[in-house]
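Structure first, commentary second.
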Amino acid sequence: MIAAYKFRHPEFRERVTGAILEMLAHLPEIDRNIFIWKHYRGYHVKQIAEILRCSPPEIEATLGAVNSILYQITRAQLAENPQLDTEINLPSHGTLQEVGDCR
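For the sequence shown, our numbering gives the first residue as 15, with consecutive numbering after it.
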């Protein structure tokens, strides 16, 4: 994951933020809620699983898939500006994994 201080380039930070917001807007509501509850509300995986009546591994799989999408978005933004890529040094990652959902 990119350390927060690595986002010192305002243009890059704005592009990534915009891409994240767009991605969140297109997620299914349950997946979006899982992400928001975990990362913005501070809920634990077990709490989210109880709310949605599904298993913690299902919540973790959904979070993993969303995080993978976010990683790919960040890589795509860096690909548009290779100079930032050498300054930030993100490792390359695999593709999205198939996950179940708790709908």
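Don't be surprised by glycine CBs; every beta carbon is placed ideally from N, CA and C.
When the Cα atoms are used, what is the spatial distance from residue i to residue j?
i, j, result
"Ala93", "Ile48", "29 Å"
"Lys52", "Glu74", "10 Å"
"Ala33", "Gln91", "9 Å"
"Val59", "Val30", "25 Å"
"Tyr54", "Glu25", "23 Å"
"Leu66", "His23", "38 Å"
"His107", "Glu64", "Below a pLDDT of 50, predicted positions are generally treated as unreliable, and His107, at 44, falls in that range; the measurement from the model is reported next regardless. One C-alpha to the other measures close to 31 Å."
"Gln86", "Tyr57", "25 Å"
"Arg27", "Pro42", "25 Å"
Taking DSSP as the reference, what is the three-state secondary structure of residue i?
i, result
"Gly78", "helix"
"Glu101", "Annotation note: pLDDT 49 at Glu101 (below 50); position unreliable, coordinate value reported separately. In this structure, Glu101 counts as helix in the three-state DSSP scheme."
"Pro42", "coil"
"Tyr85", "helix"
"Asn47", "helix"
If we count the other Cβ atoms within 10 Å of its Cβ and call it buried at 16 or more, is residue i buried or exposed?
i, result
"Ala79", "buried"
"Leu35", "exposed"
"Ile62", "buried"
"Ile83", "buried"
"Glu72", "buried"
Would you say residue i touches the ligand FAD, meaning its beta carbon is less than 7 Å from a heavy atom?
i, result
"Tyr54", "Judged by which ligands are present, the structure shown has none, so any question about the ligand FAD falls away."
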